[in-house]
Ligand SMILES: Cc1ncc(C[n+]2csc(CCOP(=O)(O)OP(=O)(O)O)c2C)c(N)n1
Ligand SMILES: [Mg+2]
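Chains as they are written, first to last, in my numbering: chain A, 13 to 628; chain B, 1022 to 1197.
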């Protein structure tokens, strides 16, 4: 057996069924071994698409996603996707081909220092230099990727190692790997758990922030139990969406920069903050020094380095969210008896009433009749159609990055874990479409809707071909404002409306583009048509693109960066007014300038020609 | 209110780390420090009593909060077996320094030899114009020696950076 074959066997041993990738010279032996294997390989149209798809697969399923790219440019194309997975603790294995070991360091064709490039954006990485190391390395890679705080692991695989003869008899796949420097803490310290339980009993104005860790550790049941047992309201981070049913009376929605008023107020006024599996990013805290100013803070996280990093913590608990929550609940019940009498602290009623009234007075308006369509209306219709078609426990939404993402995060109610898939930490435009491919393949029976902006959609638009070729039935909803909406909003709010390079022109016609790829598509300009088209798309069981032409001047309420969470400001609604210069204008300008400087030639200059600089 | 993220005092810390002696491990650790903006004063690496393990001694400046993060982030690395922020008063610290001093005549030579003896250093090389001295000890002692011979003219110098071990029978062992 050759190394490549052993590698595929090792992947199969880990339960891998699908890999996303793109071949190349340094991967020829790998793809040759794939020829005889049962693994399903999805050929994306760009390695970035493969990485995001593997990531989407991992997020939707909780299993490890696998992506492959060739040496050099294949590896660098994977980088954005792997960094995205790293920022959101998603277990992805990224495999890169590499030039043969004897050429490493010689600047060979398509050689790149993949180990060095991936090092800062993965949980760990390996370069396999002998085929005999394949079984143990692949085992270790999967172990590291999926345990503790999950994250991507990169394996660099030189071509000669893939070709080297390999004796599986003398190098069997080890059942366990020895990683002396790696032992994640899963169980919370009993003393800390007890302290947390006592603090929960004593609190009058408690609130929970549930982060992505709750989804990852599958702790949603425990979270619901704790919240209901003690009557604690719950808000989530972007990554935590789905960890608590957002139609629950105790749900406050998302907290932070684009959070809801009830969530931001609750966190700012609480006397006990229970943060579970979240890392207090600046998008959540705003100005750290005035964050949760009256609160005692309990922070539960599996990664000790997250505790105390951004926010000072009173009761740190290192451990897996599910296990720790179980222990806290057990501890509470022990103190109060199995009925949990007395846990629903009388003093909390006022707090809950207050938040309830905040919620009632802040029900967002969504039923706009305007043309162009308001994005809120699309979100509303989407929720209604999901309800109507009884798809509540079948729907998975992926989003791109920008306003489209935040409209969904703010207004769209999520009910189940792993059904809201979005690039949080890195905020990677272009994530939504390939992630939808991964999610649909991970959970073929689900209905996958990709909500994207026109800008982000075009960053991985080539994946329409993947969707078309494999006939992957995802519904793509473009919130088409012909604007880099989120940047436009910031320029209007914080840079005096000086819109600079945030406007797109008429091109392209997304419906024609989709049809060119062989994908059914519709343009929707009237709010009255939204429901019908969504219904048709969701029922069609074929790939379907909807180009929603929306109001480009619509924005989102937000907390200015570094501001106090209660300081929620409204967007200014100025229409986009940036003009895009034509090439002819640019040419005139450039040639005019050259003439003024006495440079009449419009051609390449000699190397080393001094640049004329004005002195100031 | 200013509840979170208050400023603290900075001081010098000696971090001792046992790491797996794999290719790339130094880059991983150096990368961690540069990416997170921690200030390294010095870093030394060498083999240990265990064949596949190396010990790194890293001198960093920072407040307690930063140091806590340094230790935690180092611990997260898969190839790091054990990390400790050594108690500066309860460890032996040594640094080695080679200095090539400008000594064109007999009188400067004999003076430098005298100083070297006082500092319990060694003359390790000699030429018409120079003496090369080896000094071992605490960083303060080396600083003092260098200060003293600076007037002769230092032609070249190499310091290893600090290395350290805890005093007494305690050792840094993999507990993970
Ligand atoms: C790869 C990448 N480049 C740039 C950005 C910065 N950025 C954040 S949101 C945004 C605008 C996105 O525009 P669009 O995709 O049309 O979404 P909209 O905000 O209009 O909904 C930009 C440029 C980013 N997040 N990712
Ligand atoms: Mg847009």
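Ideal Cβ positions, reconstructed from N, Cα and C, are used throughout, including at glycine.
| From A:26, A:597, A:90, A:48, residue whose alpha carbon lies closest to that of residue 34 of chain A | A:90
| message | With H, G and I counted as helix, E and B as strand and the rest as coil, what does DSSP make of residue 1022 of chain B? | response | Any answer about residue 1022 of chain B is weak, because its pLDDT of 41 lies below 50 and its placement is not dependable; what the coordinates show is given next. In this structure, residue 1022 of chain B counts as coil in the three-state DSSP scheme.
| Whole-angstrom Cβ separation of residue 9 of chain A and residue 410 of chain A, contact assumed at under 8 Å? | The question about residue 9 of chain A has no answer here: the residues shown for chain A are numbered 13 through 628.
| field | DSSP state of residue 401 of chain A mapped onto helix, strand, coil | value | coil
| message | Quick check on residue 1149 of chain B: buried or exposed, where buried means 16 or more other Cβ atoms within 10 Å of its Cβ? | response | exposed
| query | Out of curiosity, what's the CA-to-CA distance linking residue 1133 of chain B and residue 1159 of chain B? | reply | 20 Å
| query | The alpha helix (DSSP H) with residue 1128 of chain B in it runs from where to where? | reply | 1127-1139
| said: Counting only C-beta atoms, is residue 303 of chain A closer than 8 Å to chain B at any point? | reply: yes
| query | Is any beta-carbon of chain A found at less than 8 Å from that of residue 1099 of chain B? | reply | yes
| What did DSSP end up calling residue 200 of chain A once you bin it into helix, strand or coil? | coil
| task | With a 10 Å radius around its C-beta and 16 neighbouring C-beta atoms as the bar for buried, classify residue 232 of chain A as buried or exposed. | result | buried
| field | Short Cβ contact (8 Å threshold) for residue 501 of chain A with residue 509 of chain A | value | no
| task | Closer than 6 Å by C-beta to residue 442 of chain A: which residues in its own chain qualify, once you throw out the five before and the five after it? Chain order, please. | result | 468, 471, 472
| message | If I follow the unbroken alpha helix (DSSP H) through residue 172 of chain A, where does it start and stop? | response | 171-175
| Is the Cβ of residue 1102 of chain B closer than 8 Å to any Cβ of chain A? | yes
| message | So if DSSP puts residue 415 of chain A in a beta bridge, which residue, or which two residues, is it bridged to? | response | In DSSP, residue 415 of chain A forms no bridge with anything.
| So does residue 641 of chain A have its beta carbon nearer than 7 Å to some heavy atom of ligand 1? | Lying before the first or after the last residue shown, residue 641 of chain A is absent from chain A, which here runs from 13 to 628.
| task | Check whether the Cβ atoms of residue 243 of chain A and residue 576 of chain A sit closer than 8 Å, and answer yes or no. | result | no
| said: Quick check for students: name the residue ranges of the beta strand (DSSP E) that lie wholly in the stretch 215-268 of chain A, counting only runs of 3 or more. | reply: 218-222, 246-248, 263-266
| query | Whole-angstrom Cβ separation of residue 403 of chain A and residue 459 of chain A, contact assumed at under 8 Å? | reply | 5 Å
| task | Could you please tell me which residues of the stretch 314-342 of chain A, in chain order, have their CB closer than 8 Å to any CB of chain B? | result | 315, 316, 317, 320, 321, 322, 323, 324
| task | Give every residue of the same chain whose Cβ lies closer than 6 Å to the Cβ of residue 1197 of chain B, excluding the five residues on either side of it in the sequence, and list them in chain order. | result | The predicted model places residue 1197 of chain B with a pLDDT of 46, which falls under 50 and marks its position as unreliable, so this point remains unresolved.
| Taking the C-alpha atoms as reference points, what is the distance between residue 587 of chain A and residue 206 of chain A? | 55 Å
| query | So what's residue 1197 of chain B in DSSP terms, helix, strand or just coil? | reply | Its pLDDT being 46, under 50, residue 1197 of chain B is placed unreliably in this model, and the value from its coordinates should be taken loosely. Coil.
| field | Residue-level contact to chain B via CB, residue 91 of chain A, 8 Å cutoff | value | no
| Using the beta-carbon count (16 or more within 10 Å), is residue 19 of chain A buried or exposed? | buried
| Contact set for residue 371 of chain A: own chain, Cβ-Cβ below 6 Å, skip 5 residues either direction | 274
| Touching or not, the stretch 71-85 of chain A and the stretch 104-113 of chain A, by the rule of three or more beta carbon pairs under 8 Å? | yes
| query | Curious, which full-length alpha helix (DSSP H) runs of at least 4 residues does the stretch 1099-1186 of chain B contain? | reply | 1127-1139, 1160-1170
| said: Within a Cβ cutoff of 6 Å, which residues of the same chain sit near residue 1022 of chain B, ignoring the five residues on either side of it in sequence? | reply: Note on residue 1022 of chain B: pLDDT 41, under 50, position unreliable in the model; no value is reported.
| query | Exposed or buried, what is residue 602 of chain A when buried is set at 16 or more other beta-carbons lying within 10 Å of its beta-carbon? | reply | exposed
| message | Between which residues of its own chain and residue 1109 of chain B is the CB-CB distance below 7 Å, once the five residues before and five after are set aside? | response | 1035
| task | Tell me whether residue 381 of chain A sits in a helix, a strand or coil according to DSSP, three-state version. | result | coil
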